[in-house]
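Participant:
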Amino acid sequence: MTELFEFSPEELVAIRLSLRVAFWAMVGSLPFGVAVALALARGRFWGKSLLNMVVHLPLVMPPVVTGYLLLLLLGRRGPLGRLLDEAFGIVLAFRWTGAALAGAVMGFPLLVRSIRLSVEAVDRRLEQAAATLGASAIWVFLTVTLPLILPGIVAGMILSFARALGEFGATITFVSNIPGETQTLPTAIYALTQSPGGDVAALRLTLVSIAISMAALFASEAVAQHATRRAAGV
Amino acid sequence: MLSVAIRHRLGEFVLDAKFESAGGLTALFGRSGAGKTSLINAIAGLSRPEHGRIIVDGDILTDTERGLFIPAHKRHVGYVFQEGRLFPHLTVRQNLLYGRWFAPRPGRPGEVEHIVELLGIAALLARRTGGLSGGEKQRVAIGRALLSRPRLLVMDEPLAALDEARKEEILPYIERLRDEMGVPIVYVSHSIPEVTRLATTLVLLEGGRVAAAGPTESVMARTDLFPGSERSEAGALLATRLAGRDLRFGLTILRSAAGELRVPDLALPIGTALRVRIRARDVMIALRPPEGLSALNVLPVVVADIGPPEGSSVDLRLDCGGETLVARLTLRSVEALQLVPGRSVFAVIKSIAFDHQAFAGTTRALPGADAETR
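Quick mapping for you: the protein sequence lines, in order, are chains A and B.
Letter by letter, the first sequence follows residues 4 to 237 in this note's numbering.
Letter by letter, the second sequence follows residues 197 to 570 in this note's numbering.
#1: Are the region 146-165 of chain A and the region 112-120 of chain A touching by the rule of at least three beta carbon pairs closer than 8 angstroms?
#2: Tell me which same chain residues have a C-beta within less than 7 angstroms of the C-beta of A357 of chain B, skipping the five on either side of it?
#3: In angstroms with no decimal places, state the Cα-to-Cα distance between R345 of chain B and E487 of chain B.
#4: Can you give me the C-alpha to C-alpha distance between R233 of chain A and V143 of chain A, rounded to a whole angstrom?
#5: Residues in the same chain with beta-carbon distance under 7 angstroms from T69 of chain A, minus the five sequence neighbours each way, listed in chain order, please.
#6: Mind reading off the beta-carbon distance from I250 of chain B to V382 of chain B? Whole number of angstroms is fine, and I expect it under 8 angstroms.
#7: Kindly indicate if chain A contains any beta-carbon less than 7 angstroms away from that of T258 of chain B.
#8: So who's on the other strand from A432 of chain B, going by DSSP bridges?
#9: Which residues of chain B have a Cβ atom closer than 9 angstroms to the Cβ of S139 of chain A, listed in chain order?
#10: How many Å lie between P182 of chain A and R296 of chain B at the Cα?
#11: Checking contacts by CB at 7 angstroms: is L447 of chain B closer than that to chain A?
#12: Looking at the secondary structure, which residues open and close the beta strand (DSSP E) in which Y383 of chain B lies?
#13: Are T412 of chain B and L398 of chain B closer than 7 angstroms when you measure CB to CB?
#14: Using a C-beta to C-beta distance shorter than 8 angstroms, which residues of chain B count as neighbours of V237 of chain A?
#15: Buried or exposed for L343 of chain B, please, with buried defined as at least 16 other CB atoms from any protein chain shown within 10 angstroms of its CB.
#16: What residue ranges within the region 366-412 of chain B form continuous beta strand (DSSP E) runs of no fewer than 3 residues, ordered along the chain?
#17: Determine, using beta carbons only, whether G106 of chain A and A165 of chain A come nearer to each other than 7 angstroms.
#18: Spell out whether any CB of chain A is found under 7 angstroms from the CB atom of A357 of chain B.
#19: Looking at the strands, I want to know which residues DSSP matches up with V147 of chain A.
#20: Which residues of chain B have a Cβ atom closer than 7 angstroms to the Cβ of V147 of chain A, listed in chain order?
#21: Let's see if you can read the secondary structure: which residues bound the alpha helix (DSSP H) around A107 of chain A?
#22: Tell whether a beta-carbon distance below 7 angstroms holds between S540 of chain B and T526 of chain B.
#23: With a Cβ-Cβ cutoff of 7 angstroms, do G455 of chain B and L495 of chain B count as a contact?
#24: At the 7 angstroms Cβ level, is P154 of chain A part of the contact set with chain B, yes or no?
#25: Assuming R324 of chain B and V237 of chain A make a contact with CB atoms under 8 angstroms, what is their CB distance in whole Å?
#26: Taking 7 angstroms as the CB-CB cut-off, is S243 of chain B touching chain A?
#27: Alpha carbon to alpha carbon, how far is L521 of chain B from S234 of chain B? Give it in angstroms, no decimals.
#28: Residue ranges of each beta strand (DSSP E) run of no fewer than 3 residues wholly in the region 471-523 of chain B, ordered along the chain?
#29: Measuring CB atoms only, is the region 46-53 of chain A touching the region 120-130 of chain A, in the sense that at least three cross pairs come out at less than 8 angstroms?
#30: Taking 7 angstroms as the cut-off, decide whether the C-beta atoms of P112 of chain A and V58 of chain A are in contact.
#31: Could you work out which residue in B:L421, B:L464, B:S428 and B:R262 is closest to T436 of chain B when comparing CA atoms only?
#32: If we ignore side chains and look at the alpha-carbon of each, how far apart do L457 of chain B and I449 of chain B end up?
#33: Using 7 angstroms as the limit for Cβ to Cβ distance, is T187 of chain A near chain B?
#34: In three-state terms, what does DSSP make of I1 of chain A?
#35: With a threshold of 7 angstroms between beta-carbons, can A238 of chain B be considered close to chain A, or not?
#36: Counting only beta-carbon separations shorter than 7 angstroms, does G331 of chain B have a partner in chain A?
Here you go:
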């Protein structure tokens, strides 16, 4: 039984890498998520429905397709990948940063959706009231809009984190499954189930995945409750 | 000094209004859809009129001819909304102090304490806004607007969402605001008792146009201008002073240019200036001084003019010692008594007709005293 909790160094690396990938996927996509959610909720511009569609594509496309598109676009020989490599020396394909990008793209629709819903729920008359009290547009956003949509932002971040943590298809297609570089929890579990004698290790990592997911769920539940109280002004 | 002249089209509706106010409390009165809220939204900078000019204390806030439009947050026009609009994510104290962040000048010391005391909200400061009653919310909203140090305060039917008891709770605070804070107020209302009690200047709006504007007493006498449902409450305002008491019968004697009035006892000191609304429907006309009649108030008057008939009734404007009274009679009575402009008659008013809504207190005459007028 004790065998179940003896982590090998490779497994610990996979756990750490998974957390790092999911964290940066969440943090990196946040500013874009807020901007796109605001644009979709309040903006009036040409191509709005197109933007909405593009944002939601990763939700409906097979993840492998998303991963393959990322590889075509950002691989060493892809148009954007070559540009990034030559101009900034940034390489994403087959690196952990690429795994973070894949996770961010897959989690983006969830992040945007959550923030967008909370932006749409904001009573714009409160923003008007703030303006009559002397707050300029930027101050209205910082002191009224942002605090009111904060629960939506946090909930979206948790969803984005969880999605990036569980990402498999796009990750394995875009950055492969290199131990110590791009091997995350799901790809490690997959590899273990494919090798003889890997059952115990696979179960071990599975339990770790469940624990992380549960923690994220609890956090999201706590945020939702807080948000409900705030909305009622208590 | 406020000067407004705007024209704005909203679909079929055309708002075309022009009025001026020298300060005090200016009431914008009219039925819903008359353009009252559109007008104050334009003053506060929440909407941009197609044509027109809005000037406060010599500062041009809107001038479409010159392409000038000061945005709402730079106008320093405090706004008390019908529904309060308190920030749910802040405490009462944080709500109150919100506008001070952005106020142009640092606040006077003790200003917050003064306004908190004036509005009676000291006990609420640490609370969140969700648990407040409607009346409490509205008082906090008034305090929040005042503490942003506005040069003009606009209030959009701040009492409309409250029941009678809550209205009575807030009215004295608005009177104190008018008399003590020195901030000019534009007050939107469709309630005649509220307007009688609060307004120094009255602007009557009808279908987006100003039907009448001027000192409240003279506009109120134009009972023909008040919309149908409000007509029963319409009547002239009389400036009076509390002259004495009839202790034996619990009556108070008011003196005015029109003569003496006996009304149910008012717990106010002698000398208090009071504005009394005499509903047109409460005034009877007699050709001779009546005998054997229970009504206590009989004033000699001259028929000034006879308004247009409204159904079976008609409003007569009566001149009494320079003041105006309005009497609503049936067309039948007007014919039976052969009433014509210029004829001297007697106006008869029951003392009981003066209920508490008929009186508008002025705290100016009552330094330091409570503004309750009942």
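The C-beta atom is built at its ideal place from N, Cα and C for all residues, glycine as well.
Facilitator: In short:
#1: yes
#2: As a first step, residue 357 of chain B must be located in the second sequence, where it is residue number 161. Taken in chain order, the residues that qualify are Q278, E279 and G330.
#3: Indexing the second sequence from 1 puts residue 345 of chain B at position 149. Indexing the second sequence from 1 puts residue 487 of chain B at position 291. When rounded, the distance between both Cα atoms is 58 angstroms.
#4: Against the first sequence, residue 233 of chain A aligns to sequence position 230. Against the first sequence, residue 143 of chain A aligns to sequence position 140. Going from the Cα of R233 of chain A to the Cα of V143 of chain A covers about 18 angstroms.
#5: What you label residue 69 of chain A is simply residue 66 of the first sequence in a count that begins at 1. These residues qualify, in order along the chain: P61, V108, M109 and A173.
#6: By one-based count along the second sequence, residue 250 of chain B stands at place 54. By one-based count along the second sequence, residue 382 of chain B stands at place 186. That belief does not hold up - the Cβ atoms of I250 of chain B and V382 of chain B are roughly 11 angstroms apart, past 8 angstroms.
#7: Here residue 258 of chain B refers to the residue found at position 62 when the second sequence is read from its first residue. It does not: the Cβ of T258 of chain B has no partner Cβ on chain A nearer than 7 angstroms.
#8: Reading the second sequence from its first residue, position 236 is the one you call residue 432 of chain B. According to DSSP, A432 of chain B bridges with B:I474.
#9: Position 136 of the first sequence, counted from the start, is the residue given in the question as residue 139 of chain A. At a beta-carbon threshold of 9 angstroms, the residues of chain B lying near S139 of chain A are P267, H269, K270 and F298, ordered along the chain.
#10: Numbered from 1 along the first sequence, position 179 holds the residue referred to as residue 182 of chain A. Numbered from 1 along the second sequence, position 100 holds the residue referred to as residue 296 of chain B. Taking the straight line joining both Cα atoms gives about 58 angstroms.
#11: The residue labelled residue 447 of chain B in the question sits at position 251 within the second sequence. Output row for L447 of chain B: interface = no.
#12: On the second sequence, residue 383 of chain B is found 187 positions in, with the first residue counted as 1. Secondary structure note for Y383 of chain B: its beta strand (DSSP E) is the uninterrupted segment I381 to S385.
#13: As a first step, residue 412 of chain B must be located in the second sequence, where it is residue number 216. As a first step, residue 398 of chain B must be located in the second sequence, where it is residue number 202. Contact flag set, yes.
#14: If you number the first sequence from 1, residue 237 of chain A lands on position 234. Listed along chain B are R324, G326 and G327, each with a C-beta nearer than 8 angstroms to that of V237 of chain A.
#15: As a working mapping, residue 343 of chain B is identified with position 147 in the second sequence. That one is buried.
#16: 381-385, 397-402 and 405-411
#17: On the first sequence, residue 106 of chain A is found 103 positions in, with the first residue counted as 1. On the first sequence, residue 165 of chain A is found 162 positions in, with the first residue counted as 1. Not closer than 7 angstroms, so no.
#18: Reading the second sequence from its first residue, position 161 is the one you call residue 357 of chain B. Not an interface residue.
#19: As a first step, residue 147 of chain A must be located in the first sequence, where it is residue number 144. Partner(s): none; V147 of chain A has no beta bridge.
#20: For this step, residue 147 of chain A is matched to residue 144 along the first sequence. By Cβ distance, chain B contributes F283.
#21: The residue you call residue 107 of chain A lines up with position 104 of the first sequence. Note, A107 of chain A: alpha helix (DSSP H), W99 to A124.
#22: The residue you call residue 540 of chain B lines up with position 344 of the second sequence. The residue you call residue 526 of chain B lines up with position 330 of the second sequence. Not a contact, by the Cβ cut-off of 7 angstroms.
#23: Reading the second sequence from its first residue, position 259 is the one you call residue 455 of chain B. Reading the second sequence from its first residue, position 299 is the one you call residue 495 of chain B. The answer is yes: Cβ separation under 7 angstroms.
#24: Position 151 of the first sequence, counted from the start, is the residue given in the question as residue 154 of chain A. With 7 angstroms as the cut-off, P154 of chain A does not count as an interface residue toward chain B.
#25: Reading the second sequence from its first residue, position 128 is the one you call residue 324 of chain B. Reading the first sequence from its first residue, position 234 is the one you call residue 237 of chain A. At roughly 5 angstroms, the Cβ-Cβ gap stays under 8 angstroms, so R324 of chain B and V237 of chain A are in contact.
#26: The residue labelled residue 243 of chain B in the question sits at position 47 within the second sequence. It does not: the Cβ of S243 of chain B has no partner Cβ on chain A nearer than 7 angstroms.
#27: Along the second sequence, one-based indexing puts residue 234 of chain B at 38. Along the second sequence, one-based indexing puts residue 521 of chain B at 325. Straight-line Cα distance between these residues: approximately 33 angstroms.
#28: 479-482, 493-502 and 509-516
#29: No, the region 46-53 of chain A does not touch the region 120-130 of chain A.
#30: Within the first sequence, numbered from 1, the residue matching residue 112 of chain A stands at position 109. Within the first sequence, numbered from 1, the residue matching residue 58 of chain A stands at position 55. With contacts defined by Cβ atoms closer than 7 angstroms, P112 of chain A and V58 of chain A form a contacting pair.
#31: The count along the second sequence starts at 1 and reaches residue 436 of chain B at position 240. For T436 of chain B, the nearest C-alpha among the options comes from B:L464.
#32: Position 261 of the second sequence, counted from the first residue, corresponds to residue 457 of chain B. Position 253 of the second sequence, counted from the first residue, corresponds to residue 449 of chain B. One C-alpha to the other measures close to 6 angstroms.
#33: Counting from 1 along the first sequence, the entry for residue 187 of chain A is found at position 184. Not one chain B Cβ lies under 7 angstroms of T187 of chain A.
#34: With chain A covering only 4 through 237, there is no way to say anything about residue 1 of chain A.
#35: Start at 1 with the first residue of the second sequence, and residue 238 of chain B comes out as number 42. With 7 angstroms as the cut-off, A238 of chain B does not count as an interface residue toward chain A.
#36: Residue numbering aside, residue 331 of chain B sits at position 135 when the second sequence is read from its first letter. No, its Cβ sits nowhere closer than 7 angstroms to a Cβ of chain A.
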